[in-house]
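Worksheet: one structure, shown below.
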Amino acid sequence: MRVFIAGVDGYLGWPLAQHLSARGHEIAGVDAMLRRAWVAERGSVSAVPIASIGERLAAFRDASGASLSFTHLDLRDQPKLGETLAAFAPDAVVHLAECPSAPYSMIDFEHADFVQTNNVSGTLGLLFAMREHCPDAHLVKLGTMGEYGTPDMDIPEGFFEVEFRGRRDRLPFPRQAGSWYHWSKVFDSQNVSFACRLWGLAVTDVMQGIVYGSWCPPSDPRLSSRLDFDEAFGTSVNRFCCQAVIGHPITPYGSGTQSRGLLSLADSMQCLTLALEHPAAPGEYRVFNQLRDVVSIGRLAELVRDAARALGISARIAPVDNPRAEAEAHHYNPDSNKLRELGFRPSAPIDVELRRMIDDLVPHTDRVRAHAHRLPPTVRWEPAAACTASAAEEP
Ligand SMILES: NC(=O)c1ccc[n+]([C@@H]2O[C@H](COP(=O)([O-])OP(=O)(O)OC[C@H]3O[C@@H](n4cnc5c(N)ncnc54)[C@H](O)[C@@H]3O)[C@@H](O)[C@H]2O)c1
Numbered sequence: 000m001r002v003f004i005a006g007v008d009g010y011l012g013w014p015l016a017q018h019l020s021a022r023g024h025e026i027a028g029v030d031a032m033l034r035r036a037w038v039a040e041r042g043s044v045s046a047v048p049i050a051s052i053g054e055r056l057a058a059f060r061d062a063s064g065a066s067l068s069f070t071h072l073d074l075r076d077q078p079k080l081g082e083t084l085a086a087f088a089p090d091a092v093v094h095l096a097e098c099p100s101a102p103y104s105m106i107d108f109e110h111a112d113f114v115q116t117n118n119v120s121g122t123l124g125l126l127f128a129m130r131e132h133c134p135d136a137h138l139v140k141l142g143t144m145g146e147y148g149t150p151d152m153d154i155p156e157g158f159f160e161v162e163f164r165g166r167r168d169r170l171p172f173p174r175q176a177g178s179w180y181h182w183s184k185v186f187d188s189q190n191v192s193f194a195c196r197l198w199g200l201a202v203t204d205v206m207q208g209i210v211y212g213s214w215c216p217p218s219d220p221r222l223s224s225r226l227d228f229d230e231a232f233g234t235s236v237n238r239f240c241c242q243a244v245i246g247h248p249i250t251p252y253g254s255g256t257q258s259r260g261l262l263s264l265a266d267s268m269q270c271l272t273l274a275l276e277h278p279a280a281p282g283e284y285r286v287f288n289q290l291r292d293v294v295s296i297g298r299l300a301e302l303v304r305d306a307a308r309a310l311g312i313s314a315r316i317a318p319v320d321n322p323r324a325e326a327e328a329h330h331y332n333p334d335s336n337k338l339r340e341l342g343f344r345p346s347a348p349i350d351v352e353l354r355r356m357i358d359d360l361v362p363h364t365d366r367v368r369a370h371a372h373r374l375p376p377t378v379r380w381e382p383a384a385a386c387t388a389s390a391a392e393e394p
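This is the structure in structure tokens:
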């Protein structure tokens with residue numbers, strides 16, 4: 000299969016290119032190298048050093064014997080995107096090319112506006128380019144479980160049956176996002192679903208849980224994927240592991256009773272591959288909830304502490320005030336059967352995966368320690384007045 004990956008330089012995109020290539024698929028990819036710039040803007044680095052895109056492409060060739068056709072472009076450059084898609088003629092397009100950070104989107108108006116424009120406009124550009132140049136290709140677009148929020152009922156996979164005033168219908172399950180970033184993902188999902196209805200595109204919309212884990216093939220460090228730990232771009236588990244490795248307390252936000260769906264990077268690769276190798280039908284808009292475990296943030300902190308201790312690293316937990324506006328005690332029971340029905344078999348359990356990640360991080364302890372000041376939360380979800388007051392209280 001010819002697979003076009005938008006966002007191929009990212010945390011998920013780079014391993015996905017390798018994983019699909021190892022299964023015999025032909026890969027092309029685009030990226031505007033924005034993630035590297037955002038993390039630098041926040042004064043941080045990837046804990047695992049990453050190679051330049053040129054070095055990555057050389058390593059890809061050395062490892063697979065195949066070349067990855069890469070184009071440096073922004074999805075919002077619609078004409079250039081169209082030319083690139085037309086030249087590659089993909090069977091499938093994986094859309095990962097968005098800004099994935101809730102805290103980054105909550106910094107101020109400029110960041111909220113950037114994240115929404117980048118994500119919504121980039122996705123629209125991709126939809127129009129697909130309509131023009133590869134209308135038969137299967138689109139696998141990444142959404143997030145955060146689109147649903149935390150309703151006081153179970154969460155189905157995208158749609159549910161509703162009865163209202165004696166009539167029944169199958170409708171999109173309500174979205175109740177909790178950051179400007181998450182709202183951008185909701186808008187994308189709506190636009191993708193509309194394009195599918197309008198133009199008959201084949202779409203899998205993946206509501207993905209929080210992804211954790213490292214990707215460090217021992218054969219060649221140029222194949223490693225990034226692993227961020229700063230407050231904006233580090234997901235909770237990755238941040239906790241970095242804290243443990245440098246001997247800092249692990250800091251769940253608030254009471255730690257917030258539950259979230261999670262999966263490892265290896266499981267995310269497996270799920271995305273299943274979605275690609277079992278495509279949606281033309282005109283079908285299907286939604287998969289992609290997660291393996293539902294765990295509270297407090298329990299996650301304990302799992303990381305225990306994984307570190309098993310490796311001889313003494314770690315402790317010290318909760319901090321929650322900078323986010325979110326329900327802390329809530330019901331959380333999302334469905335996630337569709338990928339299992341396609342054959343998803345979770346790989347290593349979370350404790351094994353955490354030990355593996357901590358092992359991969361230990362050689363980079365100094366690098367994490369040098370940027371440890373970027374770990375604590377400074378971006379707050381509060382109204383402006385409260386924000387000013389709490390900022391003034393900080394040292
Ligand atoms: N990592 C997670 O835990 C997680 C969880 C749920 C959903 N997702 C979603 O998965 C996708 C990929 O996430 P990730 O963690 O790999 O993020 P990432 O930031 O590492 O990767 C995204 C890549 O896309 C590129 N990009 C962004 N905007 C672009 C644009 N306009 N044009 C071209 N390239 C652009 C970035 O430079 C980056 O390399 C995102 O859509 C994200 O919302 C991620």
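Following numbering that gives the first Met the number 0 from start to finish, the sequence shown increments by one per residue and tops out at 394.
By construction, the Cβ of each residue, glycine as well, lies at the ideal position given by its N, Cα and C atoms.
Pick from the options that is closest to residue i, judged by C-alpha positions
{"i": "Q17", "options": "R60, V29, Y103 and A46", "result": "R60"}
{"i": "P48", "options": "V351, W214 and V2", "result": "W214"}
{"i": "C133", "options": "D90, G28, P150 and L197", "result": "D90"}
{"i": "A317", "options": "S263, G297 and Y103", "result": "G297"}
{"i": "R22", "options": "H329, N336, T272 and A39", "result": "T272"}
{"i": "L80", "options": "N117, M105, G124 and N118", "result": "G124"}
{"i": "D358", "options": "S218, Q77, G311 and V205", "result": "G311"}
{"i": "F343", "options": "H363, H372, S267 and A46", "result": "S267"}
{"i": "L72", "options": "A65, E82 and S63", "result": "E82"}
{"i": "H474", "options": "L275, F108 and A85", "result": "As displayed, the chain neither begins before 0 nor continues past 394, which places residue 474 out of reach and without an answer."}
{"i": "F113", "options": "S218, A280, S183 and C270", "result": "S183"}
{"i": "K140", "options": "V303, P220 and V205", "result": "V205"}
{"i": "G255", "options": "R323, D8 and A280", "result": "R323"}
{"i": "V361", "options": "S188, V244 and E162", "result": "V244"}
Residues near residue i by beta carbon distance below 8 Å, same chain, minus five either side
{"i": "H370", "result": "G42, S43, V44, F228 and D229"}
{"i": "L261", "result": "G208, I209, V210, Y211, V236, L290, R291, D292, V293, V294, L299 and I349"}
{"i": "F158", "result": "R169, L170, P171, F172 and V286"}
{"i": "A385", "result": "Confidence at A385 is low in this model, with a pLDDT of 48, below 50, so the placement of that residue is unreliable and no value is reported for it."}
{"i": "L374", "result": "F228, D229, E230, G233, R238, C241, Q242, H247 and T250"}
{"i": "D151", "result": "H329 and H330"}
{"i": "N336", "result": "E156"}
{"i": "S435", "result": "The first residue shown for the chain is 0 and the last is 394, placing residue 435 beyond what the model contains."}
{"i": "A391", "result": "Caution applies to A391, whose pLDDT of 36 falls short of 50 and renders its modelled position unreliable; the model cannot decide the point."}
{"i": "E40", "result": "none"}
{"i": "R366", "result": "V44, A46 and P48"}
Cutoff 7 Å; reference residue i; Cβ partners in own chain excluding five residues on either side
{"i": "E160", "result": "R167 and R169"}
{"i": "Y331", "result": "T149, S258 and V293"}
{"i": "H181", "result": "A101, T143, G145 and E146"}
{"i": "S68", "result": "A27 and F87"}
{"i": "R225", "result": "Y10, S45, V47 and I49"}
{"i": "W198", "result": "R130 and P134"}
{"i": "S188", "result": "G142, E146 and D204"}
Own chain partners of residue i with C-beta closer than 6 Å, once the 5 adjacent residues on each side are dropped
{"i": "G12", "result": "I4, G6 and L95"}
{"i": "A194", "result": "L126 and L200"}
{"i": "F120", "result": "According to the sequence displayed, residue 120 carries Ser and not Phe. R75, listed in sequence order."}
{"i": "A265", "result": "S346"}
{"i": "I154", "result": "Y147 and P333"}
{"i": "E97", "result": "N118"}
{"i": "N321", "result": "Y252 and G253"}
{"i": "S192", "result": "Y284"}
{"i": "V2", "result": "L19, H24, I26 and A91"}
{"i": "P216", "result": "L222"}
{"i": "L436", "result": "Shown here, the chain extends from 0 to 394; a query on residue 436 therefore has no answer."}
Beta-bridge partners of residue i, as assigned by DSSP
{"i": "H71", "result": "D30"}
{"i": "T143", "result": "Q207"}
{"i": "R259", "result": "V294"}
{"i": "F159", "result": "L170"}
{"i": "I52", "result": "DSSP, once it has assigned bridges, lists no residue as partnering I52."}
{"i": "H18", "result": "The partner list for H18 (beta bridge, DSSP) is empty, contrary to what the question assumes."}
{"i": "R1", "result": "E25"}
{"i": "L138", "result": "V92 and V202"}
{"i": "Y252", "result": "V319"}
{"i": "I154", "result": "P333"}
Distance cut-off 6 Å: residue i Cβ against heavy atoms of ligand 2
{"i": "V210", "result": "This structure simply doesn't include ligand 2; it includes ligand 1 instead."}
Problem set entry | the stretch 27–40 touching the stretch 270–287, judged by at least three CB pairs closer than 8 Å | no
Exercise. Does the count of Cβ pairs from the stretch 115–132 and the stretch 302–310 closer than 8 Å reach three?
Worked result: no
Exercise. Residue ranges of each beta strand (DSSP E) run of no fewer than 3 residues wholly in the stretch 262–347, ordered along the chain?
Worked result: 284–289 and 292–295
For this session: Report the residue ranges of all alpha helix (DSSP H) runs contained in full by the stretch 63–123; include only those spanning at least 4 residues, in chain order.
Result: 77–87, 101–104 and 108–115
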